[in-house]
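There are 2 protein chains.
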Amino acid sequence: MAAELKDLTKRSENYSQWYNELVVKADLAEQSAVRGCMVIKPYGYAIWEKMQRQLDDMFKATGHVNAYFPLLIPKSFFSREAEHVEGFAKECAVVTHYRLKQSPDGDGVVVDPAAKLEEELIIRPTSETIIWNTYKNWIHSYRDLPILCNQWANVLRWEMRTRLFLRTAEFLWQEGHTAHATREEAEEEARRMLDVYAEFAEKYMAMPVIKGVKSETERFAGALDTYTIEAMMQDGKALQSGTSHFLGQNFAKAFDVQFVDKENKLDYVWATSWGVSTRLMGALIMTHSDDNGLVLPPHLAPIQVVIVPIYKNSEQLSAIDERANAIAAELRSLGISVKYDNADNKRPGFKFADYELKGVPVRLVLGARDLANGTIELMRRDTLEKETLPQEGIALHIKDLLEEIQANIYRKAKTFRDSMIKTADTYEEFKAKLDEGGFILAHWDGTPETEARIKEETKATIRCIPFGFPKEPGHCVLTGRPSACRVLFARSY
Amino acid sequence: MAAELKDLTKRSENYSQWYNELVVKADLAEQSAVRGCMVIKPYGYAIWEKMQRQLDDMFKATGHVNAYFPLLIPKSFFSREAEHVEGFAKECAVVTHYRLKQSPDGDGVVVDPAAKLEEELIIRPTSETIIWNTYKNWIHSYRDLPILCNQWANVLRWEMRTRLFLRTAEFLWQEGHTAHATREEAEEEARRMLDVYAEFAEKYMAMPVIKGVKSETERFAGALDTYTIEAMMQDGKALQSGTSHFLGQNFAKAFDVQFVDKENKLDYVWATSWGVSTRLMGALIMTHSDDNGLVLPPHLAPIQVVIVPIYKNSEQLSAIDERANAIAAELRSLGISVKYDNADNKRPGFKFADYELKGVPVRLVLGARDLANGTIELMRRDTLEKETLPQEGIALHIKDLLEEIQANIYRKAKTFRDSMIKTADTYEEFKAKLDEGGFILAHWDGTPETEARIKEETKATIRCIPFGFPKEPGHCVLTGRPSACRVLFARSY
Numbered sequence: 004m005a006a007e008l009k010d011l012t013k014r015s016e017n018y019s020q021w022y023n024e025l026v027v028k029a030d031l032a033e034q035s036a037v038r039g040c041m042v043i044k045p046y047g048y049a050i051w052e053k054m055q056r057q058l059d060d061m062f063k064a065t066g067h068v069n070a071y072f073p074l075l076i077p078k079s080f081f082s083r084e085a086e087h088v089e090g091f092a093k094e095c096a097v098v099t100h101y102r103l104k105q106s107p108d109g110d111g112v113v114v115d116p117a118a119k120l121e122e123e124l125i126i127r128p129t130s131e132t133i134i135w136n137t138y139k140n141w142i143h144s145y146r147d148l149p150i151l152c153n154q155w156a157n158v159l160r161w162e163m164r165t166r167l168f169l170r171t172a173e174f175l176w177q178e179g180h181t182a183h184a185t186r187e188e189a190e191e192e193a194r195r196m197l198d199v200y201a202e203f204a205e206k207y208m209a210m211p212v213i214k215g216v217k218s219e220t221e222r223f224a225g226a227l228d229t230y231t232i233e234a235m236m237q238d239g240k241a242l243q244s245g246t247s248h249f250l251g252q253n254f255a256k257a258f259d260v261q262f263v264d265k266e267n268k269l270d271y272v273w274a275t276s277w278g279v280s281t282r283l284m285g286a287l288i289m290t291h292s293d294d295n296g297l298v299l300p301p302h303l304a305p306i307q308v309v310i311v312p313i314y315k316n317s318e319q320l321s322a323i324d325e326r327a328n329a330i331a332a333e334l335r336s337l338g339i340s341v342k343y344d345n346a347d348n349k350r351p352g353f354k355f356a357d358y359e360l361k362g363v364p365v366r367l368v369l370g371a372r373d374l375a376n377g378t379i380e381l382m383r384r385d386t387l388e389k390e391t392l393p394q395e396g397i398a399l400h401i402k403d404l405l406e407e408i409q410a411n412i413y414r415k416a417k418t419f420r421d422s423m424i425k426t427a428d429t430y431e432e433f434k435a436k437l438d439e440g441g442f443i444l445a446h447w448d449g450t451p452e453t454e455a456r457i458k459e460e461t462k463a464t465i466r467c468i469p470f471g472f473p474k475e476p477g478h479c480v481l482t483g484r485p486s487a488c489r490v491l492f493a494r495s496y
Numbered sequence: 004m005a006a007e008l009k010d011l012t013k014r015s016e017n018y019s020q021w022y023n024e025l026v027v028k029a030d031l032a033e034q035s036a037v038r039g040c041m042v043i044k045p046y047g048y049a050i051w052e053k054m055q056r057q058l059d060d061m062f063k064a065t066g067h068v069n070a071y072f073p074l075l076i077p078k079s080f081f082s083r084e085a086e087h088v089e090g091f092a093k094e095c096a097v098v099t100h101y102r103l104k105q106s107p108d109g110d111g112v113v114v115d116p117a118a119k120l121e122e123e124l125i126i127r128p129t130s131e132t133i134i135w136n137t138y139k140n141w142i143h144s145y146r147d148l149p150i151l152c153n154q155w156a157n158v159l160r161w162e163m164r165t166r167l168f169l170r171t172a173e174f175l176w177q178e179g180h181t182a183h184a185t186r187e188e189a190e191e192e193a194r195r196m197l198d199v200y201a202e203f204a205e206k207y208m209a210m211p212v213i214k215g216v217k218s219e220t221e222r223f224a225g226a227l228d229t230y231t232i233e234a235m236m237q238d239g240k241a242l243q244s245g246t247s248h249f250l251g252q253n254f255a256k257a258f259d260v261q262f263v264d265k266e267n268k269l270d271y272v273w274a275t276s277w278g279v280s281t282r283l284m285g286a287l288i289m290t291h292s293d294d295n296g297l298v299l300p301p302h303l304a305p306i307q308v309v310i311v312p313i314y315k316n317s318e319q320l321s322a323i324d325e326r327a328n329a330i331a332a333e334l335r336s337l338g339i340s341v342k343y344d345n346a347d348n349k350r351p352g353f354k355f356a357d358y359e360l361k362g363v364p365v366r367l368v369l370g371a372r373d374l375a376n377g378t379i380e381l382m383r384r385d386t387l388e389k390e391t392l393p394q395e396g397i398a399l400h401i402k403d404l405l406e407e408i409q410a411n412i413y414r415k416a417k418t419f420r421d422s423m424i425k426t427a428d429t430y431e432e433f434k435a436k437l438d439e440g441g442f443i444l445a446h447w448d449g450t451p452e453t454e455a456r457i458k459e460e461t462k463a464t465i466r467c468i469p470f471g472f473p474k475e476p477g478h479c480v481l482t483g484r485p486s487a488c489r490v491l492f493a494r495s496y
């Protein structure tokens with residue numbers, strides 16, 4: 004069984020290569036023929052669908068509705084918000100023509116020069132501009148507020164170096180765009196959605212995160228505040244997993260969206276936006292998986308339980324089929340997703356390795372002896388522990404076990420993450436600890452210049468000014484100037 | 004209550020204008036700032052989400068899985084399949100550059116001429132080419148088959164004349180792309196998905212459809228056979244609502260996708276593709292709605308029941324609130340979606356008109372007298388009939404009533420549709436009946452030339468060679484030449 008897997012690089016040998024291989028070998032995604040764009044394969048997409056469904060339920064439970072805005076954005080829209088243009092109007096796909104024609108030499112098609120657009124269109128890298136241009140017509144009075152829209156969509160940013168899920172030119176995401184009558188309400192919304200993201204990461208992805216606010220340098224282009232959830236990968240690098248932005252009145256001013264308030268005065272509308280993307284797939288993979296392959300949290304596993312039969316002949320198989328189907332039915336009646344894999348063109352050893360690689364949380368093996376004894380072999384993917392159990396009551400046992408696995412992989416990830424939060428009081432200590440990986444809590448003088456120099460010298464960035472940590476004052480590790488509190492540094496994806 | 008609605012054009016006055024106004028007034032969709040691209044508003048999107056969820060369940064129940072393929076397709080891919088390039092590589096959005104830069108005059112951004120792509124990329128008008136280029140790496144042996152993938156995605160076709168939902172440049176759809184070892188299996192799949200579409204149209208949209216096969220002229224570019232479901236709108240025009248294509252080995256040959264069969268011989272893979280789009284929203288609206296607004300089938304209505312209170316003071320309101328919330332809870336426990344609208348900034352008459360416009364299937368009104376009497380007023384949107392009922396048992400009554408409404412609007416649509424299927428035996432009769440609207444069953448000599456002349460002279464196209472109609476031979480209405488069976492003509496959207 005190890006034989007089939009020996010070609011998966013070990014994390015300790017080359018973490019980055021292990022990740023790249025795992026994404027492909029576990030059938031999650033692959034590179035496409037188009038530079039930087041990925042194909043999300045059915046198994047990978049099934050995990051993303053589970054994430055989507057859960058997030059969507061949580062958005063709706065907090066009062067949001069879905070809508071859909073255009074893929075293409077007029078070029079001029081990007082010039083409206085001064086900071087936004089800097090951040091987003093640069094590396095992007097530009098549509099300049101709307102027709103192809105037969106090539107004059109008869110071989111293939113060429114762009115028809117007569118079909119040039121008057122104004123170029125940009126494939127959305129994010130949708131604030133087109134959405135605020137739309138909201139202008141939706142909002143007139145405080146009675147039209149709040150607007151709490153979310154969109155599930157593809158976006159495109161022309162990235163130079165891409166990695167499957169982590170950084171791709173095209174990616175899938177959701178983007179919430181809300182409009183409010185007051186600053187307080189918008190700030191509350193931005194924080195609420197940060198909490199939703201953190202709850203999703205911890206309860207469903209079993210991934211502990213640190214919530215905090217970005218430094219000015221790391222803010223979303225056009226935001227007054229960017230909130231973030233930061234996770235720690237097994238190689239000691241941080242991964243920004245979701246962000247929520249308080250946009251102030253910047254986009255309302257850029258697109259002239261004013262409303263009449265309760266006192267009958269005109270004011271600009273307050274805004275937020277927030278998003279998570281298929282990048283979460285990368286975070287999920289890197290948080291839990293091991294040298295045998297994926298480890299999936301039961302709450303997001305497309306297949307929670309796989310049943311593999313072991314048999315010598317078709318007579319044995321048909322007896323096992325009957326029993327296995329009965330167990331599968333019982334599991335399904337408890338809302339558990341089960342695959343019974345009695346395909347006869349693959350050996351059990353191959354199946355074992357494959358389902359390990361794919362991170363199926365629970366594997367059941369049913370053989371002829373088990374039928375005689377009323378037993379079944381169970382292996383949990385997180386610990387790789389096997390035990391033989393009575394078939395009687397197995398479904399209820401597994402229902403509890405799935406919750407235990409979910410809790411266990413969260414505990415494991417949290418223990419690791421907690422061990423990777425370090426404190427540094429001098430620049431030497433900062434650099435030494437940084438080389439060991441992890442988050443470094445250190446004092447910073449609050450200036451973009453210091454932040455830039457630390458980044459240049461160490462490749463560490465301020466991941467956030469974290470919430471829920473003590474706020475004791477001190478002195479900047481680089482400049483020695485006063486600092487109000489420690490901030491969270493790390494090298495990151 | 005009629006007052007608020009009097010500005011909705013009547014169907015009899017101007018059907019096309021009635022449709023355009025209804026889509027906007029019922030908050031379903033609107034034009035965006037980008038030519039031909041629509042914004043799907045939350046209420047419209049909620050209906051589309053219900054369609055998606057149901058279709059997705061039906062696709063999964065027939066063994067399909069979802070995946071995601073790139074938005075952008077290299078231009079050269081379109082030249083690979085000769086017919087496909089004719090059909091799809093013409094009116095499309097072409098990405099030629101990947102960067103903008105600050106304008107030399109400092110005002111806004113311009114396309115960076117240095118960032119020109121070596122090969123232009125096309126925004127997918129449909130994904131056969133990029134998917135078959137991907138399948139090439141997935142398929143080696145008959146053991147890799149079948150592949151049964153579906154994708155939910157946006158696509159873009161540069162349409163000259165657009166109408167919300169019915170024909171837009173960008174639209175949302177699903178596209179299934181399957182790969183098979185044998186011709187028979189692929190043909191069976193194409194027919195199976197046609198049946199799934201017909202079942203969805205009839206059971207969920209309450210929209211009767213005629214299944215059939217397209218004439219060669221009307222086939223999908225690159226298909227050997229295109230199957231279709233055709234619906235009849237209230238103005239007598241047909242609307243193609245879903246298509247399923249048997250693609251033969253055309254795309255496998257174009258992208259060199261071969262497999263080793265059970266006899267160890269190399270052969271090209273057999274393919275199908277099938278899709279429905281946000282166009283179904285247009286079909287849904289035009290099939291059932293009336294001069295008061297939308298009529299939604301309960302199976303797809305985002306809000307199935309609305310409760311409106313009528314009160315004179317806050318004391319009355321709080322008593323009504325309590326009772327209404329109890330009824331709402333009871334309805335929800337039966338899986339019914341309910342909105343209790345006790346907003347105090349709108350009059351009941353306004354609410355009545357608004358929920359009629361939005362097609363909510365059942366409206367309940369609860370007043371002070373109802374509280375005293377233990378009664379409640381119920382109105383069904385399909386018939387606009389009102390009755391006063393005991394509150395006791397109202398939830399179970401509504402559960403049955405929703406099914407009755409679903410059945411009733413289907414019956415109504417079917418009665419109308421059936422009345423619009425006519426037979427013509429001479430060209431004069433054909434033209435006269437065509438002017439009255441509806442489907443015309445007529446004989447056709449089977450040639451593209453005759454089909455083209457009929458289209459040119461009458462604007463009628465062959466919607467399909469219908470299944471389930473008697474196949475008696477006859478003579479072509481135009482040429483008098485022999486015909487094997489009647490085909491279905493209509494003017495169409």
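So the sequence lines, in the order shown, correspond to chains A and B. Every position in the first sequence, counted from 1, becomes a number in the working numbering once 3 is added. Every position in the second sequence, counted from 1, becomes a number in the working numbering once 3 is added. Here a beta-carbon is modelled for each residue, glycine too, at the ideal position from N, C-alpha and C.
When A/Val-97, A/Val-263, A/Leu-299 are compared against A/Pro-77, the one with the closest alpha-carbon = A/Val-97
Would DSSP call A/Thr-185 helix, strand or coil?
-> coil
Limits of the beta strand (DSSP E) - the one that B/Gln-319 falls within = First-last for B/Gln-319: 317-336, but that is the alpha helix (DSSP H), not the beta strand (DSSP E).
Along chain D, in chain order, which residues have C-beta atoms closer than 8 angstroms to that of A/Val-279?
-> The chain labelled as chain D is not found among the protein chains of the depicted structure, namely A and B.
Using DSSP bridges, identify the partner residues of B/Asp-293.
-> B/Gly-296
Can a CB atom of chain B be found closer than 8 angstroms to the CB of A/Lys-342?
-> no
Proximal residues to A/Leu-120 (C-beta, below 8 angstroms), its chain only, five neighbours per side dropped | Val-98, Thr-99, His-100, Tyr-101
Work out the CA separation of B/Asn-267 and B/Cys-488 for me, nearest whole Å.
-> 42 angstroms
B/Arg-282: buried (16+ other C-beta within 10 angstroms of its C-beta) or exposed?
-> buried
Touch test, the region 329-336 of chain B against the region 414-429 of chain B, Cβ-Cβ under 8 angstroms, three pairs minimum | no
C-alpha distance - B/Trp-277 paired with B/Met-196, whole-angstrom precision | 7 angstroms
B/Asp-69: contacting residues in chain A (beta-carbon distance under 8 angstroms) = The residue you asked about is not Asp; residue 69 of chain B is Asn in the sequence shown. Per Cβ cutoff of 8 angstroms: Pro-45, Tyr-48, Ala-49, Glu-52.
Measure from the C-beta of A/Thr-165 to each C-beta in chain B and report whether the shortest distance is under 8 angstroms.
-> no
Relative to the alpha-carbon of B/Arg-366, which residue among B/Glu-388, B/Tyr-496, B/Ala-416 has its alpha-carbon at the smallest distance?
-> B/Glu-388
Cβ of B/Phe-472 within 8 angstroms of Cβ of B/Leu-444?
-> yes
Beta bridge counterpart(s) of A/Met-235 as assigned by DSSP = A/Ala-241
Whether A/Leu-520 touches A/Ala-226 by CB criterion (8 angstroms) | Because chain A spans 4 through 496 in this model, residue 520 of chain A falls outside it and cannot be assessed.
Residue range of the beta strand (DSSP E) that includes B/Met-41 = 41-43
Let me know the secondary structure DSSP gives A/Gln-20 once reduced to three states.
-> helix
C-alpha distance - A/Gly-90 paired with A/Ala-172, whole-angstrom precision = 15 angstroms
Output yes if chain B places a C-beta closer than 8 angstroms to the C-beta of A/Gly-483; else output no.
-> no
Which term fits A/Ser-35, buried or exposed, when burial requires 16 or more other beta carbons within 10 angstroms of its beta carbon?
-> buried
Comparing the C-beta of B/Asn-157 with each C-beta of chain A, is any distance below 8 angstroms?
-> yes
Those residues which DSSP pairs with A/Ile-126 across a bridge | A/Leu-75
Those residues which DSSP pairs with A/Ile-379 across a bridge | A/Leu-392
Just how far apart, CA to CA, sit B/Tyr-22 and B/Leu-242?
-> 14 angstroms
Is there at least one non-hydrogen atom of the ligand FMN closer than 7 angstroms to the beta-carbon of A/Asp-448?
-> The ligand FMN is absent from the structure shown, which contains no ligands of any kind.
Sort out for me which residues DSSP pairs B/Gln-261 with in a bridge.
-> B/Tyr-271
How is A/Ser-495 classed by DSSP in three states: helix, strand or coil?
-> strand
Note down, in chain order, every chain A residue with its Cβ under 9 angstroms from the Cβ of B/Val-114.
-> Lys-78, Val-97, Thr-99, Glu-123
With 9 angstroms as the limit, tell me which residues of the region 160-184 of chain A have their beta carbon closer than that to any beta carbon of chain B; keep them in chain order.
-> Trp-161, Ala-172, Glu-173, Leu-175
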